[in-house]
Amino acid sequence: MAEITAGMVKELREKTDAPMMECKKALTEAGGDIGKAEEILRVRLGNKASKAASRVTAEGVVAVYVAADSKLGAIVELNCETDFVAKNDDFLALAGRLAKLVAEGNPADVAALLAQQIDGATVEAVRTALVGKIGENITVRRFQRVAAEGKLATYVHGGAKIGVMLDLVGADDSLARDLAMHIAAGKPKALSREGVPADLIDTERRIAAEKAAESGKPADIVAKMVEGSVQKYLKEVTLLGQPFVKDDKQTVEQVLKSRGARVASFSLYIVGEGIERKQTDFAAEVAAQAAAAAAR
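With the first letter of the sequence shown counted as 1, position 257 gets the number 352 in the numbering used here; the numbers rise by one all the way through.
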């Protein structure tokens, strides 16, 4: 049996983008013949999508697109299984094309986006083919299209793990950029207090009440403590209430007023936010693979 070296696996992976273990299996089956192994993988890749469809996709990227006039844009979260694939050029290219497609095609939902066309094929067909090529599940999680009241500004941070799209009315590009960066850092849940979900406020009020009750203070004082905690929370989670990242002596609201500007809307996407990630014991997984290999 021909020896399968790391260099052979690397070469085959670069040719096919298939997972390393799949490359090694194909090389073993092909007796070390890289050409034959490539053919084996091409045959196998066709059914990768169905096998991958049930796997959790909590990694990925956020892609943004803004038209030349800064009046129309879109933000998209495209997910995969591992951070390694999130750096894949084909994966990144698809994310960018989807953001532009959302802006120009205005799909109603993810299903409608998947039905749209890229180079004569549906987005779903392109996605499925990429799943087959890469060997990981890929999903379009969410997107938002924005037709701006003012001008759009974007900011992508941390290897495209955080993406921001901001619609700012009445200010220059410099402030728009600073505010987009502030949103990425401060991670506000809403623009103003009115936009904070009621269930989050109720949870904060309940926690504050439990803490205040332990103080042993009179009921009227406890009530004031609770209200003070809730108001502090609302400042922390609203864009307008947060101290501006470049001048923490002013809130974002104060900065906007001083510039005669206002935020019409913003979108903040954080890759994998809210997705339950599978916890993997890598040592146990390696031991299991070794045991299975020994049994064979």
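Each residue gets a CB set at the ideal place from its N, CA and C atoms; glycine is no exception. None of the values given here were measured: they were computed from a predicted structure.
Whole angstroms are fine: how far does the CA of aspartate 214 sit from the CA of leucine 196? In the sequence shown, the residue the question calls residue 196 occupies position 101. In the sequence shown, the residue the question calls residue 214 occupies position 119. Leucine 196 and aspartate 214: Cα-Cα distance of roughly 12 angstroms.
Could you tell me whether the region 175 to 194 touches the region 154 to 161, using the rule of 3 or more Cβ pairs below 8 angstroms? Counting Cβ pairs under 8 angstroms, three or more are found: they touch.
So the alpha helix (DSSP H) arginine 301 belongs to, where does it begin and stop? Residue numbering aside, residue 301 sits at position 206 when the sequence shown is read from its first letter. Taken as a continuous stretch (DSSP letters only), the alpha helix (DSSP H) holding arginine 301 covers 293 to 308.
Could you tell me whether the Cβ atoms of leucine 261 and phenylalanine 339 are closer together than 8 angstroms? On the sequence shown, residue 261 is found 166 positions in, with the first residue counted as 1. On the sequence shown, residue 339 is found 244 positions in, with the first residue counted as 1. Their beta carbons are not under 8 angstroms apart, which means leucine 261 does not touch phenylalanine 339 by this criterion.
Would DSSP call aspartate 164 helix, strand or coil? Here residue 164 is taken as the residue at index 69 of the sequence shown, counted from 1. Coil, per DSSP.
Got a sec? Which residues, its chain only, sit under 6 angstroms from arginine 288 by beta carbon, not counting five neighbours each side? Position 193 of the sequence shown, counting from 1, holds the residue named residue 288. Here the set comprises Leu329, Thr333.
Roughly how many angstroms lie between the CA atoms of isoleucine 316 and lysine 327, to the nearest whole one? The residue given as residue 316 occupies position 221 in the sequence shown. The residue given as residue 327 occupies position 232 in the sequence shown. Isoleucine 316 and lysine 327: Cα-Cα distance of roughly 16 angstroms.
Could you check whether the region 267 to 282 touches the region 290 to 297, counting it as contact only if at least three pairs of C-beta atoms, one from each stretch, sit closer than 8 angstroms? They do not touch, by the three-pair rule.
Does the region 121 to 130 come into contact with the region 225 to 235, if we say contact requires no fewer than three beta-carbon pairs (one atom in each stretch) closer than 8 angstroms? Contact between the region 121 to 130 and the region 225 to 235 is absent: fewer than three C-beta pairs spanning the two stretches fall below 8 angstroms.
Alpha carbon to alpha carbon, how far is arginine 237 from leucine 167? Translated into the one-based positions of the sequence shown, residue 237 becomes position 142. Translated into the one-based positions of the sequence shown, residue 167 becomes position 72. If you take the alpha carbons of arginine 237 and leucine 167, they lie about 18 angstroms apart.
Go through its chain and collect everything with a Cβ distance to histidine 252's Cβ below 6 angstroms, but skip five positions before and after it. Locating residue 252 in the sequence shown gives position 157, counting from the first residue. Excluding the 5 residues flanking it on each side, histidine 252 has same chain C-beta neighbours closer than 6 angstroms at Ala279, in chain order.
Contacts around alanine 181, its chain only, beta-carbon distance under 7 angstroms, and the 5 residues preceding and following it disregarded: Along the sequence shown, read from residue 1 onward, the residue named residue 181 stands at position 86. Here the set comprises Glu154, Gly155, Val156, Cys175.
Cβ of alanine 303 within 8 angstroms of Cβ of valine 325? As a first step, residue 303 must be located in the sequence shown, where it is residue number 208. As a first step, residue 325 must be located in the sequence shown, where it is residue number 230. Yes, the pair counts as a contact, with Cβ atoms nearer than the cut-off.
From phenylalanine 186 to tyrosine 250, what distance separates their C-alpha atoms? Residue mapping note: residue 186 aligns to position 91 of the sequence shown, counting from 1. Residue mapping note: residue 250 aligns to position 155 of the sequence shown, counting from 1. C-alpha separation (whole angstroms): 20 angstroms.
Beta carbon of alanine 190 nearer than 8 angstroms to that of leucine 173: Taking the first residue of the sequence shown as 1, we reach residue 190 at position 95. Taking the first residue of the sequence shown as 1, we reach residue 173 at position 78. In contact: alanine 190 and leucine 173 (Cβ atoms closer than 8 angstroms).
Could you spell out the range, first to last residue, of the beta strand (DSSP E) harbouring aspartate 262? Taking the sequence shown and counting its residues from 1, the one referred to as residue 262 is at position 167. Residues 257 to 264.
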